Amino acid sequence: MEVSHTITNLIIFVLAIYVGYHVVWTVTPALHTPLMAVTNAISAIIIVGAMLAAGLTEGLLGQAMGTVAVALAAVNVFGGFLVTQRMLEMFRKKEPKAAPKAIEGAKP
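Position 4, counted from 1, in the sequence shown is what UniProt numbering calls 4; the numbers after and before it change by one each time, with no gaps.
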């Protein structure tokens with residue numbers, strides 16, 4: 001008896017959700033920024049897959065869906081890098097503000 005490809009893909013999807021959930025929730029807070037950077041790299045790989053899927057499809061609907069997939073994955077990658085950049089800026093030391101200059105002619 002042969003197992004359907006859909007069932008196999010569904011099982012892999014559920015296992016990936018389970019593993020991803022446990023990996024993300026066990027990461028220490030200091031490592032969340034590198035984890036975000038890795039997920040951005042994974043999204044970039046998804047763009048390549050979407051381009052291949054769109055290019056190899058003969059039907060118009062498949063090409064349109066592939067194009068939408070490429071666009072959404074690109075938004076995901078660029079947005080992820082922006083969020084990572086903002087997170088890294090939180091850890092930078094802020095320069096001390098200069099003391100306000102005394103007004104000339106004012107008495108102390």
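Beta carbons are placed, not taken as given, at the ideal position from N, Cα and C, and that holds for glycine. None of these values were measured; they are calculated from a predicted model.
Subject >> Cα-Cα separation between R92 and Q85, rounded to whole angstroms >> reply: Reading the sequence shown from its first residue, position 92 is the one you call residue 92. Reading the sequence shown from its first residue, position 85 is the one you call residue 85. Cα-Cα distance, rounded: 11 Å.
Original post:
Just to confirm, are A50 and V77 a CB contact at a threshold of 8 Å?
Top reply: Within the sequence shown, numbered from 1, the residue matching residue 50 stands at position 50. Within the sequence shown, numbered from 1, the residue matching residue 77 stands at position 77. The Cβ atoms of A50 and V77 do not sit closer than 8 Å to each other.
Original post:
So L88 packs on T39, CB below 8 Å; how close in whole Å?
Top reply: Taking the sequence shown and counting its residues from 1, the one referred to as residue 88 is at position 88. Taking the sequence shown and counting its residues from 1, the one referred to as residue 39 is at position 39. About 15 Å; that fails the 8 Å criterion.
Subject >> M36 vs V83 beta-carbon contact at 8 Å >> reply: Along the sequence shown, one-based indexing puts residue 36 at 36. Along the sequence shown, one-based indexing puts residue 83 at 83. Yes; because the gap between Cβ atoms is below 8 Å, this pair is in contact.
**OP:** Run the CB neighbour count on G79, radius 10 Å, all protein chains shown included, and call it buried at 16 or more, exposed below.
**Re:** Taking the sequence shown and counting its residues from 1, one reaches residue 79 at position 79. By the 10 Å Cβ count, G79 comes out exposed.
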